[in-house]
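Following numbering that gives the first Met the number 0, the residues of the sequence shown are numbered contiguously, the last one being 136.
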Amino acid sequence: MRKIILASHGEFSKGLLDSAKMIVGDLSNCISSYSLSPGESAADFALKLEEAIVEDKETEYVILSDLYGASVCTAMLRLTILPNVKLFSGMNLNMVLELLTRFSEELTKEDIEQLVEESKMGIQNVILQINEEEEVF
């Protein structure tokens, strides 16, 4: 079993969860979001999460954070000493959907490399190419 935690500054993680639900459907059992608000401590959330993880050793916890090196990611970093925790930064919708639809077993080193590469594929400079012979509108 896997639990995915989306962790971000502000409401980004909630919005990402809503978007994933629109595409995949009900995800209440395997995915949740954490939004750091002003005045809150990401370290406090990490401590609560650690308690749940230690009690649930059979579950793989995949934590996706927004910014590498920022407070949310840094607070979650200490959880990676636990064998059933994987942490990624730079989360995006591609990453969430890949985790939900493609990787059903515990993530291997190869799966992790593939997940990161697939997540990067969603980042593109999109430009409309117009042939001189075509009308745009």
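All C-beta atoms in this analysis are idealised placements derived from N, C-alpha and C, irrespective of residue type, glycine included. All values reported here derive from a predicted model rather than from experimental measurement.
Measuring CB to CB, does residue i end up less than 8 Å from residue j?
i, j, result
"Ser32", "Leu92", "no"
"Leu78", "Ala45", "yes"
"Met94", "Ser64", "no"
"Arg1", "Glu59", "yes"
Under DSSP, the beta strand (DSSP E) around residue i begins and ends at which residues?
i, result
"Leu5", "1 to 8"
"Val84", "84 to 87"
So, is residue i buried or exposed, given that buried needs 16 or more other C-beta atoms within 10 angstroms?
i, result
"Tyr67", "exposed"
"Ala42", "exposed"
"Leu48", "buried"
"Ile52", "buried"
From what residue to what residue does the alpha helix (DSSP H) around residue i run?
i, result
"Glu112", "108 to 120"
"Ser12", "11 to 23"
"Ser31", "No alpha helix (DSSP H) contains Ser31, which is instead part of the beta strand (DSSP E) from 30 to 35."
Under three-state DSSP, which class holds residue i?
i, result
"Leu48", "helix"
"Glu59", "strand"
"Ser103", "coil"
"Ser64", "strand"
For the candidate residues the options, whose alpha-carbon lies nearest to that of residue i?
i, options, result
"Glu117", "Ile52, Ile30, Glu97, Asn83", "Glu97"
"Gly9", "Asn28, Ser34, Phe102", "Ser34"
"Ser7", "Glu109, Lys47, Gly24, Thr73", "Thr73"
"Leu86", "Thr100, Lys108, Arg101, Ser103", "Lys108"
"Leu106", "Gly38, Val71, Ile62, Leu26", "Ile62"
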